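Enquirer: Under full-length UniProt numbering, the first residue of the sequence shown carries the number 1, and numbering increases by one thereafter.
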Amino acid sequence: MDKLIEKFKALSDETRLRILNLFLKSGKNLCVCELMDALQLPQYAISKALTILKSADFFTTEKEGTWVYYKLKKESQENKNILSFIKNNLSSTILDQDEERLNKRLMLREKDKCVVGIIPEEDLLKLIKEKIED
1 MDKLIEKFKA LSDETRLRIL NLFLKSGKNL CVCELMDALQ LPQYAISKAL
51 TILKSADFFT TEKEGTWVYY KLKKESQENK NILSFIKNNL SSTILDQDEE
101 RLNKRLMLRE KDKCVVGIIP EEDLLKLIKE KIED
């Protein structure tokens, strides 16, 4: 019962719900810098939210070179039920905007891996524009 309570406490925050929504919509493992750009939030806010979600057993991490990717844990029936509810019941303009920004950010990946890291927004927009024009 304590683990379930921890899961629901982890869901009681807008940023954490927005993060879960991005993982559910994209179906990809994501790094902190991609989430920062998608949510337009600073690194510390994303890291804090991910730490809480990981502690509640929603995520695991995979290190690849210098990158750490967060992977949604969907194995347990508890997580399947909770994530299904979130995927089917969350909707808002802000979530749509998050998803749109993430999709643009993911265009910068090479071989489905992040290669850009944390960069100023104007540089990011320039890179995305170049990628769209190619």
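The beta carbon of each residue, even a glycine, is placed where N, CA and C say it ideally should be.
Keep in mind that this is a model prediction, so the values were computed, not measured.
Whole-angstrom Cβ separation of Tyr70 and Leu30, contact assumed at under 8 Å?
Expert: Within the sequence shown, residue 70 is the residue found at index 70, counting from 1. Within the sequence shown, residue 30 is the residue found at index 30, counting from 1. Correct: roughly 6 Å between the Cβ atoms.
Enquirer: Have a look at Ile132, Lys9, Asp2 and flag the residue whose alpha-carbon is nearest the alpha-carbon of Ala49.
Expert: On the sequence shown, residue 49 is found 49 positions in, with the first residue counted as 1. Closest by alpha carbon: Lys9.
Enquirer: For Lys113, which beta-bridge partners are listed by DSSP?
Expert: On the sequence shown, position 113 is the one that residue 113 refers to. Answer by DSSP bridge pairing, in chain order: Glu110.
Enquirer: Grab the span of the beta strand (DSSP E) containing Leu72 for me, first residue to last.
Expert: Counting from 1 along the sequence shown, the entry for residue 72 is found at position 72. Its beta strand (DSSP E) spans residues 67-72.
Enquirer: Could you tell me how far apart the beta carbons of Leu108 and Lys126 are, in whole angstroms, since I believe they sit closer than 8 Å?
Expert: Counted from its first residue, the sequence shown places residue 108 at position 108. Counted from its first residue, the sequence shown places residue 126 at position 126. Incorrect: roughly 11 Å between the Cβ atoms, too far for contact.
Enquirer: Which partner residues does Lys129 have in the DSSP bridge list?
Expert: By one-based count along the sequence shown, residue 129 stands at place 129. Looking at the DSSP assignment, Lys129 forms no beta bridge with any residue, so it has no partner.
Enquirer: Would you check if the stretch 21-35 and the stretch 105-124 touch, i.e. whether three or more CB-CB distances between them fall below 8 Å?
Expert: Touching, yes.
Enquirer: Ignoring anything shorter than 3 residues or poking outside the UniProt domain "HTH arsR-type" (1-97), list the beta strand (DSSP E) runs there in chain order.
Expert: Here the runs fully enclosed are 59-64, 67-72.
Enquirer: When the Cα of Ile86 is compared with those of Arg16, Glu6, Leu102, which residue comes out closest?
Expert: Looking up residue 86 in the sequence shown gives position 86. The residue with the shortest Cα to Cα distance from Ile86 is Arg16.
Enquirer: CB Leu106 to CB Ser26, shorter than 8 Å?
Expert: Position 106 of the sequence shown, counting from 1, holds the residue named residue 106. Position 26 of the sequence shown, counting from 1, holds the residue named residue 26. Going by C-beta atoms, Leu106 is nearer than 8 Å to Ser26.
Enquirer: Please state whether DSSP places Asp123 in a helix, a strand or coil.
Expert: Residue 123 sits at position 123 when you count from the first residue of the sequence shown. In this structure, Asp123 counts as helix in the three-state DSSP scheme.
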